[in-house]
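So the structure is just underneath, and the comments pick up after that.
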Amino acid sequence: MNFELHCPISPDLGYIRDLVRVHGEHHGLDDEQLDGLVLAVNEAVTNVFDHGGQAGLITARGHDDGVIVEILDVGGRLTPEHLAAATVDATGSRGFGLWVIQRLCDEVTLEDNGSGSLLTLYFRGRRAPVIQIGHRAGRGRGAQDGRSARTA
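Mapping of the sequence shown onto UniProt numbering: residues 1 to 152, in sequence order.
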């Protein structure tokens, strides 16, 4: 069963983190990916409260390769320039949320969709390695070439 998560942004970050984690689990993300997903969404929602319009909507949906999460900030103050300029603050006190988000996600996009700033986070599932066993021509059945097994 496939479902979408629609959650208004609220100050209850624990509740939002729990919903996002369950959604990611349902769509097959592993523990490391789930931690990244939850942290990235937490950072994005915190930015809405600290720098944006303090209201918006989180939408998450699964796809064939993982999970997409959209964070709509109705304040619309976040721009692609903010995303491009994201760095770690040398004092370590503040200002690295967008930098962290970009390191945790496989892809991050930002656009003004007419209703505000729409930050989209892409998490791709990890596929298990493919193991191929080669056979040498002219040998008996099941004989392997010198590569025995390799991952693709």
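Cβ atoms here follow ideal geometry from the backbone N, Cα and C, with glycine treated the same way.
- Could you give the C-beta distance for D106 and Y122, rounded to a whole number, given that I count them as a contact under 8 Å? Along the sequence shown, one-based indexing puts residue 106 at 106. Along the sequence shown, one-based indexing puts residue 122 at 122. Rounded, the Cβ-Cβ distance is 5 Å, consistent with contact.
- Message: Strictly by DSSP, which residues pair up with S117?
- Response: Residue numbering aside, residue 117 sits at position 117 when the sequence shown is read from its first letter. Per DSSP, D73 and D112.
- Are there 16 or more other CB atoms within 10 angstroms of the CB of V88, so buried, or fewer, so exposed? The sequence position of residue 88 within the sequence shown is 88, counting from 1. So V88 counts as exposed.
- Straight-line Cα distance separating T109 from I58: To locate residue 58, count along the sequence shown from 1; it is residue 58. To locate residue 109, count along the sequence shown from 1; it is residue 109. Computed Cα separation, rounded: 15 Å.
- Nearest to D50 by alpha carbon, out of G75, I101 and T120? The residue given as residue 50 occupies position 50 in the sequence shown. When each option's Cα is compared against that of D50, the closest is G75.
- Task: May I ask you to report which of helix, strand or coil DSSP gives G62?
- Result: Residue numbering aside, residue 62 sits at position 62 when the sequence shown is read from its first letter. G62 falls in the strand class under three-state DSSP.
- Task: Would you mind stating whether E43 and G97 have Cβ atoms separated by less than 8 Å?
- Result: Here residue 43 refers to the residue found at position 43 when the sequence shown is read from its first residue. Here residue 97 refers to the residue found at position 97 when the sequence shown is read from its first residue. Contact flag set, yes.
- Message: Rounded to the nearest angstrom, what separates T120 and H63 at their Cα positions?
- Response: Position 120 of the sequence shown, counting from 1, holds the residue named residue 120. Position 63 of the sequence shown, counting from 1, holds the residue named residue 63. Using only the alpha carbons, I get a separation of about 14 Å.
- Under the DSSP definition of a beta bridge, which residues are partnered with C105? Residue mapping note: residue 105 aligns to position 105 of the sequence shown, counting from 1. Answer is none; C105 lacks a bridge partner.
- Confirm, please, whether the CB-CB distance from V20 to V100 is below 8 Å. Residue 100 sits at position 100 when you count from the first residue of the sequence shown. Residue 20 sits at position 20 when you count from the first residue of the sequence shown. The answer is no: Cβ separation not under 8 Å.
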